[in-house]
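J.: According to the working numbering, the sequence shown is numbered sequentially starting from 311.
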Amino acid sequence: MDKVVYIALQLLGIKNNTLIDIINLIPNKEVKKFFEKDLMEIQYKYNIDISSYMMLFKDSQIIKKNMKKAEHILEINKKLKIKTILINSKFYPTNLKKINNPPAILYIKGGNIKKQDEKSIACVGTRNPTIFGKKAVNSIVSSLAKESFTIISGLAYGIDAEAHKTCLTAKGRTIAVLAHGLDMIYPKENMKLAEEILNSGGILVSEYPVETKPEKFRFVDRNKIISGLSKGTIVFETKEKSGTMHTVNYTLKQDKKVFCPIPLRYELETAGLIKLLKENKAIGIRTKDNYDLVVKELGYKIVNDKNKISQIKSESIDNIINNFDIRLEHLNNLKNKEFDGRGSFGINKNVYSTFKDILKENNLTVKEFFNGIIFSIVDNYKKGE
């Protein structure tokens, strides 16, 4: 009963932020009072301003019409296996809930959005990608999917579809956010892709109920959810003025990071990337193998790509050696050190603690550091250096 009422309230034109307050503050058993002419009692009891809706709730015909439509929506949802998720549900996505004025009601087809999906990245861009954009998607998205990032996009032509497909090829998890009801797919050419997403365990999401048609303004709202569900956004290719820039702006307003591959040359479809980089609104991804930058900037570590882990560890050891100017002649200073009772050099706790802090900053363990040093010494010895 409660979901019918909340959907009906939304259909009646109750603003999203007011509907959030109603869902969060008013117990289910009292929500029906909206349709029993007890509005003043609700307003004062729960301190929710609904004064502008007083006349609306006096029209019993409008109320009856929208209640019936809400029931119809839930009937179709049941038939099509679409879940209705309220903002106070434990299944409401955590990342999305943190943004300003998130959708009070979400519609989801497929499984639930899980805790693992908090580790996610939005992948967006032009509907007419060049070879540069496609190659960037294929390499970066594939690597991130293999690092257990959920790939989030909008199922549109171009970069969106390429991101979903690349993720599926890499056996990853992907979520498509739609700008219409989940009883249809737009563009219809991506119907098969939508089915593949669902069959792979992925999810379709919308803030719009079934029978809602795609309209231009809804794609802008859709972009807010794409960025809201994600930890950050990668823009693979875009003009200076495009719908993709809405996603960029939402990402920045949500205090999240924007990334983009660095174009080799100026083209119409990469002009937006160059502008974002010049204005320091995006972090540049230098090469296709530089995906670890995204992982690190979003607060994670490489866990699955063993070659990349080895490369990063090796670079960290080199970084420490070069930054601290460690040379073999420094070992001459050891003759002035005192041995401890076991015949070795003593290191006090403060010195050792500082050393471990340096290693931690470089994502290294003591064992990894000394293994690297030993390997380097032996390698140089074999070369006769």
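The beta carbon of each residue, even a glycine, is placed where N, CA and C say it ideally should be.
Because the structure is a prediction, the values reported are computed rather than measured.
Just to confirm the assignment, what range does the beta strand (DSSP E) spanning T394 have?
T.: It spans I392 to L396 - the beta strand (DSSP E) in which T394 sits, taken as one unbroken run.
J.: Going by C-alpha distance, which of D667, V604, S453 and N533 is nearest P413?
T.: Considering only alpha carbons, the answer is N533.
J.: Taking the alpha carbon of E577 as the point to measure from, which residue in K549, K456 and K563 has its own alpha carbon closest?
T.: Checking every option, the nearest Cα to that of E577 belongs to K549.
J.: For I595, collect the residues of the same chain with a Cβ closer than 8 Å to its Cβ; drop the 5 residues on either side in sequence, then sort them by chain order.
T.: The answer, listed in chain order, is A446, I450, I544, F569, C570, P571, I572, Y601, L603 and V604.
J.: Got a sec, what are the start and stop residues for the beta strand (DSSP E) S463 sits in?
T.: Per DSSP, S463 belongs to the beta strand (DSSP E) from T460 to S463.
J.: Between which two residues does the beta strand (DSSP E) containing L478 stretch?
T.: From DSSP, L478 is part of no beta strand (DSSP E) but of the alpha helix (DSSP H) over I469 to T479.
J.: In its own chain, which residues sit with a C-beta less than 6 Å from the C-beta of G653, not counting the 5 before and 5 after it?
T.: With a pLDDT of only 46 at G653, under 50, the local geometry of the prediction cannot be trusted, and the value read off the model is given with reservation. Taken in chain order, the list of residues that qualify is empty.
J.: Once the 5 residues before and after M555 are set aside, which same chain residues still bring their CB inside 8 Å of it?
T.: Cβ within range, chain order: T548 and G582.
J.: Report the rounded CA-to-CA distance for K606 versus G538, giving the unit in angstroms.
T.: Going from the Cα of K606 to the Cα of G538 covers about 20 Å.
J.: If contact is defined by three or more beta carbon pairs under 8 Å, each pair taking one atom from either stretch, is the segment 452 to 466 in contact with the segment 430 to 438?
T.: With the cut-off at 8 Å, the segment 430 to 438 and the segment 452 to 466 touch.
J.: For Y363, does the three-state DSSP call read helix, strand or coil?
T.: Residue state, collapsed to three classes: helix.
J.: Quick check on the DSSP output: the alpha helix (DSSP H) that includes I536 runs from which residue to which?
T.: Start and end: K526 to L539.
J.: Roughly how many whole angstroms lie between the Cα atoms of I336 and K393?
T.: Approximately 22 Å, taken between the alpha carbons.
J.: Excluding sequence positions up to five away, which residues of its chain have a Cβ less than 7 Å from the Cβ of I409?
T.: Taken in chain order, the residues that qualify are G538 and Q564.
J.: One question on the structure: do I397 and K407 come within less than 8 Å of each other, judged by their Cβ atoms?
T.: Taking 8 Å as the Cβ cut-off, I397 and K407 qualify as a contacting pair.
J.: Taking only runs that begin and end inside the segment 376 to 453, name each unbroken beta strand (DSSP E) of 3 or more residues, in chain order.
T.: List check, beta strand (DSSP E) in window: 392 to 396, 415 to 420 and 430 to 434.
J.: Is R596 close to chain E, meaning its C-beta is less than 8 Å from at least one C-beta of that chain?
T.: The chain inventory of the structure shown lacks chain E, comprising one protein chain alone.
J.: What did DSSP end up calling L514 once you bin it into helix, strand or coil?
T.: The answer is strand: DSSP assigns L514 an E or B state.
J.: Should the segment 518 to 533 be called in touch with the segment 488 to 498, which here means at least 3 C-beta pairs below 8 Å?
T.: Judged by Cβ distances under 8 Å, the segment 518 to 533 makes contact with the segment 488 to 498, as three or more pairs qualify.
J.: Hey, could you find the ends of the alpha helix (DSSP H) V613 is sitting in?
T.: Counting along the chain, V613 falls outside any alpha helix (DSSP H), and DSSP gives it neither H nor E.
J.: Could you work out which residue in T484, F442, M364 and S540 is closest to Y455 when comparing CA atoms only?
T.: Per the sequence presented here, residue 455 reads as Ala, with Tyr not at that position. Answer by Cα proximity: T484.
J.: Return the CA-CA distance between Y518 and F680, expressed in angstroms with no decimal places.
T.: Cα to Cα, the separation comes out at about 57 Å.
J.: Would you call the CB atoms of K343 and I352 closer than 8 Å?
T.: Closer than 8 Å, so yes.
J.: From the DSSP output, in three-state form, read off T328 for me.
T.: Helix, per DSSP.
J.: If you measure between the beta carbons of V558 and L587, is that distance less than 8 Å?
T.: No.
J.: Ordered along the chain, which non-local residues of its own chain (more than five positions away) have a Cβ less than 6 Å from that of D427?
T.: Answer for D427: T460, listed in chain order.
J.: Specify, as a first and last residue, the run of the beta strand (DSSP E) that T522 falls within.
T.: No beta strand (DSSP E) contains T522, which DSSP labels as neither H nor E.
J.: Go ahead and label V613 buried or exposed: buried means 16 or more other beta carbons lie within 10 angstroms of its beta carbon, across all protein chains shown.
T.: So V613 counts as exposed.
J.: Taking the straight line between their C-alpha atoms, what separation do you get for V314 and Q320?
T.: Approximately 10 Å between the Cα atoms of the pair.
J.: Sorted by chain position, which residues of the same chain lie with C-beta nearer than 7 Å to I584's C-beta, five sequence neighbours on each side aside?
T.: If we look at I584 and ignore the five residues flanking it on each side, its Cβ neighbours are P573 and Y576.
J.: Rounded to the nearest angstrom, how far is the Cβ of I324 from that of I415, given a contact under 8 Å?
T.: Contact doesn't hold; Cβ gap of about 11 Å is too wide.
J.: Helix, strand or coil: which one does DSSP assign to F649?
T.: Unreliable positioning characterises F649 in this predicted model, as indicated by a pLDDT of 48, which lies under 50. The coordinate reading is nonetheless provided below. Residue state, collapsed to three classes: strand.
J.: Compare the Cα-Cα distances from Y496 to each of K481, F529 and G482 and report the closest residue.
T.: With distances taken between Cα atoms, Y496 lies closest to F529.
J.: Can you tell me where the alpha helix (DSSP H) holding M567 begins and where it ends?
T.: Here residue 567 turns out to be Lys, not Met, going by the sequence shown. No alpha helix (DSSP H) holds K567; the beta strand (DSSP E) holding it covers K567 to P571.
J.: For A486, write down the residues that DSSP places opposite it in a beta bridge.
T.: S463 and L514, per the DSSP bridge assignment.
J.: Confirm, please, whether the CB-CB distance from K429 to K591 is below 8 Å.
T.: Contact flag unset, no.
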